[in-house]
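Sequence order for the protein chains is A, B and C. Take this note's numbering: the last position of the first sequence gets the number 294, and nothing is skipped along the way. Take this note's numbering: the last position of the second sequence gets the number 1119, and nothing is skipped along the way. Take this note's numbering: the last position of the third sequence gets the number 482, and nothing is skipped along the way. No residue lacks a Cβ here, since even glycine has one placed at the ideal position from N, Cα and C. Quick caveat, the model's predicted, so the values are computed rather than measured.
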Amino acid sequence: MTVLDTELRPPEPSRGIVFWRRYRRNRAALLGLFIFAVVVLMALTAGFVDPGDPLRRAGDPLTAPFVDMATPLGTDQLGRDILSGLFYGARISLLVGVVATLVAIAIGVIIGALAGYFGGWVDDVLMRVTEAFQTIPNFVLLLTLVAILGSKIEWITLAIGIVSWTAPARMVRAEFMSLRNREFVDAARNLGVSNTSLIFREILPNALPPIIVYASVIMALSILLESALAFLGLGDPNYASWGNMIGQGRAVLRTAWYCAAIPGIAIVLTVLSFSLLGEGLNDALNPRQKQ
Amino acid sequence: MIEQSPILEIRDLKIALPEGSDRPFALDGLNLTVKPGEIVCMVGESGSGKSLSAGAIMRLLPEPHVHVAGGSINFLGEDILAKTDREMKQIRGNRISMIFQEPMTALNPQKTVGWQIDEVLKLHMEGNRAARRKHAIEMLNRVHIPDPESAYNAYPHQISGGQRQRVMIAMALSLSPKLVIADEPTTALDVTTQLQILKLIRELQQEDGAGVLFITHDFGVVAEIADHVIVLRQGEVVEQGAADQVLNHPQHPYTQALIASVPDLAPPPPKPVSTLPVVLKGTGLKKTFAAKGGLLSGKRKAVIAVKDLSFELHQGETLGVVGESGSGKTTVSRLVTRLLEADAGAVDVDGKDLLACSPSELRGMRKHIQMVFQDPMASLNPRKRVVDLIAQGPIVHGEDPEKARARARELLELVELSPAAANRFPHEFSGGQRQRIGIARALAMEPKVIVADEPVSALDVSVQAQVLKLLADLRDRMNLSLLFVTHDLRVAAQLCDCIIVMQKGEIVEAGVTAEVFADPKHPYTRNLLSSIPGRHWTPPVRNTDAA
Amino acid sequence: MKLALPPILIYSLRRLAQAIPVIILIMVGTFLLLKLAPGDTVDALVGDMGGADAQFIERLRVEYGLDQPVWVQLWRYMEKLATFDLGWSFVYEQPVATVLMDRLGTTLLLMATSLSIAFTVGVALGAIAARRAYSLTDNVISTLGLIFYATPSFFLSLMMMLLFSVKLGWLPVGGIKTIAGFYTGWDHVWDVALHLIMPTAALSLIYLSFYLRLMRSSVLQVADLDFVRTARAKGAGETRLMFHHIMRNALLPVVTLFGLQFSTVLGGSVVVETIFTLPGLGQLAYQSVIQRDMNTLMGIIFLCSIIVVVVNFLTDLLYARLDSRIELA
Chain A
4 MTVLDTELRP PEPSRGIVFW RRYRRNRAAL LGLFIFAVVV LMALTAGFVD PGDPLRRAGD
64 PLTAPFVDMA TPLGTDQLGR DILSGLFYGA RISLLVGVVA TLVAIAIGVI IGALAGYFGG
124 WVDDVLMRVT EAFQTIPNFV LLLTLVAILG SKIEWITLAI GIVSWTAPAR MVRAEFMSLR
184 NREFVDAARN LGVSNTSLIF REILPNALPP IIVYASVIMA LSILLESALA FLGLGDPNYA
244 SWGNMIGQGR AVLRTAWYCA AIPGIAIVLT VLSFSLLGEG LNDALNPRQK Q
Chain B
573 MIEQSPILEI RDLKIALPEG SDRPFALDGL NLTVKPGEIV CMVGESGSGK SLSAGAIMRL
633 LPEPHVHVAG GSINFLGEDI LAKTDREMKQ IRGNRISMIF QEPMTALNPQ KTVGWQIDEV
693 LKLHMEGNRA ARRKHAIEML NRVHIPDPES AYNAYPHQIS GGQRQRVMIA MALSLSPKLV
753 IADEPTTALD VTTQLQILKL IRELQQEDGA GVLFITHDFG VVAEIADHVI VLRQGEVVEQ
813 GAADQVLNHP QHPYTQALIA SVPDLAPPPP KPVSTLPVVL KGTGLKKTFA AKGGLLSGKR
873 KAVIAVKDLS FELHQGETLG VVGESGSGKT TVSRLVTRLL EADAGAVDVD GKDLLACSPS
933 ELRGMRKHIQ MVFQDPMASL NPRKRVVDLI AQGPIVHGED PEKARARARE LLELVELSPA
993 AANRFPHEFS GGQRQRIGIA RALAMEPKVI VADEPVSALD VSVQAQVLKL LADLRDRMNL
1053 SLLFVTHDLR VAAQLCDCII VMQKGEIVEA GVTAEVFADP KHPYTRNLLS SIPGRHWTPP
1113 VRNTDAA
Chain C
154 MKLALPPILI YSLRRLAQAI PVIILIMVGT FLLLKLAPGD TVDALVGDMG GADAQFIERL
214 RVEYGLDQPV WVQLWRYMEK LATFDLGWSF VYEQPVATVL MDRLGTTLLL MATSLSIAFT
274 VGVALGAIAA RRAYSLTDNV ISTLGLIFYA TPSFFLSLMM MLLFSVKLGW LPVGGIKTIA
334 GFYTGWDHVW DVALHLIMPT AALSLIYLSF YLRLMRSSVL QVADLDFVRT ARAKGAGETR
394 LMFHHIMRNA LLPVVTLFGL QFSTVLGGSV VVETIFTLPG LGQLAYQSVI QRDMNTLMGI
454 IFLCSIIVVV VNFLTDLLYA RLDSRIELA
């Protein structure tokens, strides 16, 4: 009379579909996805919208927005088109955000995985190094690295990666410490699987969801760090950047506040989209935490 | 006259689940009555809705997602469902109180035991601090906590699991409630502690004349404590009646099947195995979990998990390792598979010492000794398909991946799963099914020995019976040698030819199961055996053709 | 061997001992950064003097020990740091330590005000949002949190300046006090407070949102735990649950975050101090980068690290006080 235990449940839809269904439930996350898509689109179409150099003079200096259709969002004190700067700035922000995040996650995963998996003295040494990095105020370290390496965009990106890896390292370490004693890891080890495979094939895929969610946070922080550098005039002068535009706009804040406000709103919306995206990913990837 | 009227009367109670659940009602048409001085046991497997009924009586359901959709709950003639929140606060903890399953998590880790007992008194009792304190200490005394004064000032993490549950009971009974709801109060405890707690609940309830609604999944516990039994399945009552009636003459086929799933305490007839070759031999195994510490990381006491353990497992034999938590039995399973490094000793598998192997030799040797793990949720990598999980071992050991996968599909059939299971992920299976997959994974390596670490302890009793039957079948057909670690003496009796009884890392008794059960020599073994819940009750033999 | 020390002292000593390797690593790190930077002390010195002949430069190198092997240089460098000798600033023509001490007070004041506001307001709003989860109040608080979180402090600073200084004229646009004011007593305090309002707001809002979000999710999580259900079954009301059972447990991760994030807040002061021309360590760091004053920059890193270590130590003590599960000894 008991239901036989061996009867299978009906098959579940594929992971992608389940993921999207869960993601879709969070309306704010959908908004985040939309803004994110717009920013990506801006970065991709920058060349079409304004094929010239965004740093060239495009009209009379300090034209207000919606006055001249050639420069719809106005111009700054050097006559540069703000709309065009916005589009090209999206490129730099996304580029720096993505690459710096990849650098930070890569370092964080390697250090965190080794520390969490092996424990003992490996953990002790790596965690002291992590703490040392965490102890130095990250923006001061970033300034120092930029002072030493120079202001080229590649170096700035690398430097942002270097000052951002500690939090993911700690997180990966914690994930590994809890996962390494799970029975499925013991089971694989008992099958004769090597340490490298255990780390990368068994544990890492299971540690990924929180890392992916956290990547959206690092991405947002990287964009903030880059824009702060550019604001202070320490960014790469060869590229249009939102932070730099705000920095320039500061000089004309009294008369033409829109020069600073427009790129500022762009940063706020972009960073906001990443946080919303992160929340949506969290809902979709860690369903047990839903309300 | 009050004595005769029921304390709790539930009529046709319906609890609705949120939309999109597997069924519309968690509980559909529950009727029950609890009289003064009576213990009513509500039994059912997981998902039967038994815990939600407790929530409904306390009016602590996670509303609005889960809510009462119909019926009535009368407590001392008053309608609970019509009470205001304010009135309910007066009733909770005062006239109806609750004991929960996990004594560790049910107590606030940041407050002392005394503070938490005092909270109930403060909320419902007149009287100053000194009077409340006196009453609390008295309660700790009544639940037989040694040194109540110091327990009063202790934090929950500083006392043992059994004592924590005593504290919970002291808290629940401190105001002599008319109704006590106990939700699986002994499930998280060891068997000897469980019996003490059951006795304690009985004792206090008789002193106070309270009614008890006791929720459990364990028929042994039912046999131990129940006056009246209600059997639930999927939110519906399938049978209820006096304990003796339901336990010994179950009417409903589901009850009959459940009771038939309870492992018998009669061990199998001893097999003449000692002449067969020894496939696994442990000699002088030792493991101490080192004292961490010194200046940098704080001190923790060294724990001796296993000291000087030796045993032999013969070809085709099942050797049970039984003991309570902290006995070192799980450590044994990790030592013989070298998932933990032993401090001393030898493990001979097929004549070769596993513990002396170099790391690369070890990986080769691993195919001879495989393991089935305890937690079916945790022992399968959630990101791998079933076929890859089963084929992984052979592939690591150099088998052609295609062949290994074909073999994996055959193994699925062997463990009675449909081949359609092969391409699914672990989360799509029930606990019992996952455990079958775990068994298939172990068998794929064609090992000389299988070590099973509590393989059925996380399963419902009916599923447990099916998995145990599968293990026994496979063992007989394939002549497997099993090292079977369990805390459940009923399960050990069912499956093991010989057993080792462990206490605090040492073997206190070893021998043929039937002999140990019939005539335990060591006092600890005797204590264990006499603590088995419902040991005086022999489940009725079911009509074999009823299924 | 039984030392009769109180447990809290043993715990403190252990925590301090753990910080030593971290400080040594930071010393080595700043040394490496100095080596990586183009030009050394002698280059700076010679530049300062306006040039010298090769022989003299060589003599200076020997004098400064720059001809020694790297290990010896490192050892000497660490010896100097240990006595808080941070070298000479060629920009300010003063010992670095003196320059730093002049600036330390302003930064500490800014940190103290911003963090106490961020922490208390963040925790309070987070708790309120969680208690009324998914209501209008919660939505407003959570949305504000998201926006604060996404607003870069320099942008917020500019917009506040625009509003409060340029348009409304309520608040001074920068500096720590009115230069020609010569205020004393309470007038001075009031003057400094007025100057600190915008920097404090700019620095604290983003961290406020961190604490708010963490506190909200932490309270929601703790509210789901078994012991809260137990307390409810005892007949405790919602207010009692919140204050006696949930808050203390929910605060623990927030305190941890506070410790972890302190160094980030210190870094954030660079931007805010620069914008509002506050004479603190952050502004100094920015100027040192612009002026290539590596000695001062390394001095700032070292001093900030010490401050962070001290603050982390204090948060650890606070955590141990809050969490009774931590055995001190």
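Think of a sphere of 9 Å around the beta carbon of residue 341 of chain C: no beta carbon from chain B falls inside it, the nearest being about 43 Å out. Contact between residue 836 of chain B and residue 1111 of chain B holds, since their C-beta atoms are separated by about 7 Å, short of 8 Å. Checking the DSSP bridge columns, you'll see residue 78 of chain A partnered with A:84. Within the region 796-871 of chain B, the alpha helix (DSSP H) runs of at least 4 residues that lie entirely inside it are, in chain order, 815-820, 825-833. Under the 7 Å criterion on CB atoms, residue 259 of chain C is classed as non-interfacial with respect to chain A. When secondary structure is reduced to three states using DSSP, residue 247 of chain C falls in the strand class.
Fewer than three pairs of CB atoms, one per stretch, sit closer than 8 Å, so the region 586-593 of chain B makes no contact with the region 58-72 of chain A. Under DSSP, residue 883 of chain B shares a beta bridge with B:854. Sequence-ordered contacts of the region 454-480 of chain C with chain A read 454, 457, 458, 461, 462, 465 [C-beta pairs closer than 8 Å]. According to the DSSP secondary-structure assignment, residue 583 of chain B is paired through a beta bridge with B:644.
Closer than 7 Å to the CB of residue 196 of chain A there is at least one CB belonging to chain B. By the CB criterion at 7 Å, residue 396 of chain C and residue 359 of chain C fall outside the cutoff. By the Cβ rule, the region 798-805 of chain B does not count as touching the region 1016-1036 of chain B, because fewer than three pairs are nearer than 8 Å.
The beta-bridge partner set that DSSP reports for residue 1058 of chain B consists of B:894. Note on geometry: alpha-carbon atoms of residue 932 of chain B and residue 1021 of chain B lie some 20 Å from one another. Residue 790 of chain B has a beta carbon lying at 7 Å or more from every beta carbon in chain A.
In the same chain as residue 427 of chain C, and ignoring 5 residues on each side of it, the C-beta atoms closer than 8 Å to its own belong to 435, 436, 439, in chain order.
Not one beta carbon of chain A lies nearer than 7 Å to the beta carbon of residue 350 of chain C.
Using a Cβ-Cβ cut-off of 7 Å, residue 193 of chain A is close to 909, 911, 938, 942, 943 of chain B, given in chain order. For residue 999 of chain B, the secondary structure class from DSSP, reduced to helix, strand or coil, is helix. In the three-state DSSP reduction, residue 329 of chain C falls in the coil class, being neither helix nor strand. In terms of Cα proximity to residue 1024 of chain B, the closest of B:1067, B:995, B:1062, B:994 is B:1067.
In the structure shown, residue 607 of chain B falls within a coil segment according to DSSP collapsed to helix, strand and coil. For the C-beta of residue 969 of chain B, the chain A residues within less than 9 Å are, from N- to C-terminus, 194, 195. Within the region 654-728 of chain B, the complete beta strand (DSSP E) runs of at least 3 residues fall at 668-671. Residue environment analysis places residue 1109 of chain B among the buried positions, since at least 16 neighbouring C-beta atoms fall within 10 angstroms of its C-beta. Under the three-state reduction of DSSP output, residue 916 of chain B falls in the strand class.
Taking a Cβ-Cβ cut-off of 7 Å, the neighbours of residue 947 of chain B in chain A comprise 186, given in sequence order. DSSP places residue 786 of chain B in the strand class (E or B) of the three-state scheme. Counting only runs of 4+ residues, the alpha helix (DSSP H) found wholly inside the region 362-394 of chain C occupies 379-386, in chain order.
Chain-ordered, the chain B residues with CB closer than 7 Å to the CB of residue 379 of chain C read 672, 674, 677, 678. Looking at the DSSP output, residue 924 of chain B sits in a beta bridge with B:921.
A direct Cα-to-Cα measurement between residue 956 of chain B and residue 17 of chain A gives close to 13 Å.
Residue 447 of chain C carries a helical assignment under DSSP once its states are collapsed to helix, strand and coil. For the options A:139, A:198, A:241, A:120, the alpha carbon positioned closest to that of residue 181 of chain A is the one of A:120. Within its own chain, the residues whose Cβ lies closer than 7 Å to the Cβ of residue 263 of chain A, once the five positions on either side in sequence are excluded, are 249, 252, 253, 256, listed in chain order.
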